[in-house]
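*Asks:*
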Amino acid sequence: MAEDKKAKAVKKGEPDLDDLKRELEIDDHKVSAEELYRRYETDPDKGLTDAKAAEVFARDGPNALSPPKTIPEWVKFCRQMFGGFAMLLWLGAILCFIAHGISVATYEEAVNDNLWLGVALTVVVFITGCFSYFQEAKSSRIMESFKNMVPPQALAIRNGEKRNLKAEELVVGDIVEVKFGDRVPADIRVLRAHGFKVDNSSLTGESEPQSRAPEFTNENALETKNLAFFSTFAVEGTCLGLVVRTGDRTVMGRIANLASKKTKTKTPISLGLETGETPIAREIAHFIHIITGVAVFLGVSFFVIAFALGYPWLEAVIFLIGIIVANVPEGLLATVTVCLTLTAKRMAKKNCLVKNLEAVETLGSTSTICSDKTGTLTQNRMTVAHMWFDNRIVEADTSDNQQNATYDKSSPGWLALSRCAMLCNRADFKQDQDNLKRPVLQRECNGDASESALLKCVELSIGNVIKFREQNRKISEIPFNSTNKYQVSLHETQDGDDRYLLVMKGAPERILERCGTIYIDGTDIELNEYWKTSFNSAYLELGGLGERVLGFCDLRLPANDFPRGYPFDSDEVNFPVANLRFLGLMSMIDPPRAAVPEAVAKCRSAGIKVIMVTGDHPITAKAIAKAVGIISEGQETVEDIAQRLTIPVEQVDPTHAKACVVHGNDLKSMSPKEIDALLRDHPEIVFARTSPQQKLIIVEGCQRQGAIVAVTGDGVNDSPALKKADIGVA
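According to the numbering used here, the stretch in the sequence shown is residues -7 to 722, in order.
1. Can you list, in chain order, the residues of its chain whose CB lies under 6 Å from that of I313, leaving out five sequence neighbours each side?
2. By alpha-carbon positions, which one of K650, I458, L334 ends up nearest to R411?
3. Using 8 Å as the threshold, is the stretch 231 to 244 in touch with the stretch 172 to 185, meaning 3 or more CB pairs across them?
4. Quick one: any contact between the stretch 678 to 692 and the stretch 706 to 718, if contact means 3 or more CB pairs under 8 Å?
5. Could you spell out where the alpha helix (DSSP H) holding G405 opens and where it closes?
6. In this structure, does DSSP put H21 in helix, strand or coil?
7. In whole angstroms, what separates the C-alpha of A408 from that of R548?
8. Work out the CA separation of S526 and E518 for me, nearest whole Å.
9. Can you find the residues in the same chain that come closer than 6 Å, C-beta to C-beta, to V644, ignoring five residues on each side of it along the sequence?
10. Here's the rule I'm using: 16 or more other beta-carbon atoms within 10 Å means buried, otherwise exposed. How should P59 be labelled?
11. Could you give the C-beta distance for N456 and H483, rounded to a whole number, given that I count them as a contact under 8 Å?
12. Excluding the 5 residues flanking L183 on each side, which residues of the same chain have their C-beta closer than 7 Å to its C-beta?
13. Within 10 angstroms of its Cβ, does G698 collect 16 or more other Cβ (buried), or is it exposed?
14. Could you tell me the distance, in whole angstroms, from the CA atom of E33 to the CA atom of R150?
15. Quick check on C122: buried or exposed, where buried means 16 or more other Cβ atoms within 10 Å of its Cβ?
16. How would you call V243, buried or exposed, if buried means at least 16 neighbouring beta carbons within 10 angstroms?
17. Pick out whichever of N473, L504, R573, E564 has its Cα sitting closest to the Cα of D516.
18. For D608, does the count of other Cβ atoms within 10 angstroms reach 16, so buried, or fall short, so exposed?
19. In the DSSP assignment, what are the bridge partners of W108?
20. Helix, strand or coil for R30? Go by DSSP, reduced to three states.
21. Cutting at 6 Å between CB atoms, please list the residues of its own chain near A287, excluding the five before and the five after it.
22. Which complete beta strand (DSSP E) runs does the stretch 456 to 516 hold, if anything under 3 residues is left out?
23. Does the beta carbon of L214 sit closer than 8 Å to a beta carbon anywhere in chain B?
24. Taking 8 Å as the cut-off, decide whether the C-beta atoms of D706 and D364 are in contact.
25. Looking only at DSSP bridge pairs, what is G438 linked to?
26. Anyone know if the C-beta pair for L162 and A146 falls short of 8 Å?
27. Below 8 Å, can you find three or more Cβ-Cβ pairs linking the stretch 366 to 386 to the stretch 571 to 590?
28. For the beta strand (DSSP E) containing G543, name the first residue and the last one.
29. What does the Cβ neighbour count give for T67, buried or exposed, with the cut at 16 atoms within 10 Å?
30. Taking the beta strand (DSSP E) that K665 belongs to, which residues open and close that run?
31. Whole-angstrom Cβ separation of S560 and S468, contact assumed at under 8 Å?
32. Where do the ends of the alpha helix (DSSP H) carrying T612 lie?
33. Counting Cβ pairs, one atom from each stretch, are 3 or more of them under 8 Å apart for the stretch 323 to 342 and the stretch 564 to 573?
34. Flag this pair as yes or no: are the beta carbons of I361 and I677 separated by less than 8 Å?
35. Evaluate T366 with the Cβ neighbour count: other Cβ atoms within 10 Å of its Cβ, from every protein chain shown; 16 or more gives buried, anything less gives exposed.
36. Measuring CB atoms only, is the stretch 490 to 510 touching the stretch 212 to 226, in the sense that at least three cross pairs come out at less than 8 Å?
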């Protein structure tokens, strides 16, 4: 029977739920570009022909997300009026009217008690039904958010000509150009890229922009650098790509379909819920069964007794109806609705909007919380956390009044490092007065998250960054790219030194290998093995905290070789980028929200299990989990135990670790039974590098354990899990 239904769904072209839950299995990122051209019958220079594009369009349809099937408003209204407990009240009202009709037909002076009771029941059901309907009408539709993600135009090459096409007209095999500020119009294989970066936070949860390049770097399609995905933002550079998936077949399309899939379970109070029965709904359903059984039993009993005592059959029927109606708790539906509404209003005063009344009660029954990290546990705002200069690690002062600084802000080491961070930086504050009046940490910036964090750090510490840049004019620049992994800029300075200043920042190991000296306490020292060891220990310590580390260096160019007016060429690089002076490290992290550790502690004391489910890197996820208390102090993972005992991880018994960090790649190969065992045996769990499908599987695993699951999240990648959970908090 199940197979027949599945076959029907496939015939209709509807995506199968089990198929959507599976990880995306494609090889478009693994095969060579030439193989792709043959596969999709396209040409990298001329693109598709109009005839071929029309053929593919007829086969695949438009490059757009299919809207979900919507329930007509009259059906929703009828569900509220006649669903579950309301049906019992309607039955009571009808029986009252029947009893009144019998009384009027039998007796000349019949009382109207049954009539008024029937009217009262009808009014109660109608008012509570209308109230529940309007409450449900406030619910946002998940697919609406996806519609906004469709870019209206795309630049494609057809018949050797560049054309502006509607994004929905793109087909598999099209060659498209994407530049800074665009949304990626489909899933594309990157053919050429120049400093191209995309914001993948909606898919993976990573707040840091990800570089994209033609090279195949990872078996996982979501992590390889040569794929860019539909609806993600291009935040830097340009790219030429080949469309490999469109519409519902894109990664985002699969998430959208997964989020809009409807479940079959219904609730007694409101059939509009699609997340399964809530605890209060189950209790009321159980109560209805008991009340119905008792009412019918007593009614039939009194009917038989009345008949036995010689009452006329009409009076016996009235007895039957009266007993049944008397056992119906007419005020229960109204009482439950009013109580939940009052609770919702109290929550609204705490800035919590309740879109479904039953969710209020479910929230109080929660036993497991699956929380996203980026933007939920953290601020979704990269912030400089630590610096290493003058051979010591210092904590960055992020207070607005700069009273918590643990370092000398006038020291030569910090002044040189901050100068490099100011000049070798393309971020700036958005130049509107309202933005500039805000505290520095709350200002909006143009530029990627890391450079914005550096800008805010030095603005707080030194001040007037934009003015400093104007005084020290940029002459030339080598933008950051994934091959070199560094950024260089050359400046004229206004500090009395006529020599040009070269400043560089990038991946610490790449920066260090280009340096011959290190700047310590105002002195240039040869970069020997001692200083390289000091650098490595600092780098490992900061990286172990889950922070993104950048290295900085500079060089004064000799005036004889590079006089004023020298024609610098950033393409041919006619200036030195080796034997530079190493200045230090700066590390950034998306910090936890201030109230989160206390909230996690309260949940734990109430017996609620808190699980972190994120798309970010395991080291970063573990660091944040420890900072907010999801992994409590003293609890060890298998990696921690292996490090303490100095043995390989494989030799550690997993049952000895109460906490664990699970990578998405490991989760992919686990069976439902293994997931159940993992959730059962470890009270403190962090899932990292998880896909939207895996988040859904984790929620289902928790529900199999009998848990009432709440999911918190703010991204598109959280939507399937939010939909499946007993309670979604977005």
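Glycine included, each C-beta is placed from N, C-alpha and C at the ideal position.
*Replies:* In brief:
1. L87, A91
2. I458
3. yes
4. yes
5. 404 to 415
6. coil
7. 12 Å
8. 13 Å
9. V630, I633, A634
10. exposed
11. The Cβ separation is near 16 Å, so there is no contact.
12. A25, P36, P206, L232, G233, L234
13. exposed
14. 13 Å
15. exposed
16. buried
17. R573
18. buried
19. Bridge partners of W108: none, in fact.
20. helix
21. I316, N319
22. 466 to 470, 478 to 483, 493 to 498, 507 to 512
23. Absent here is chain B; the protein component of the structure consists of one chain.
24. yes
25. The sequence given here places Asn at residue 438; Gly does not occur at that position. DSSP lists D420 as partners of N438.
26. yes
27. yes
28. 540 to 548
29. Residue identity check: residue 67 is Val in the sequence provided, not Thr. That one is exposed.
30. It is not in any beta strand (DSSP E) - K665 instead sits in the alpha helix (DSSP H) that spans 664 to 673.
31. Per the sequence shown, the amino acid found at residue 560 is Phe instead of Ser. The Cβ separation is near 4 Å, so the contact holds.
32. 610 to 620
33. no
34. no
35. buried
36. no
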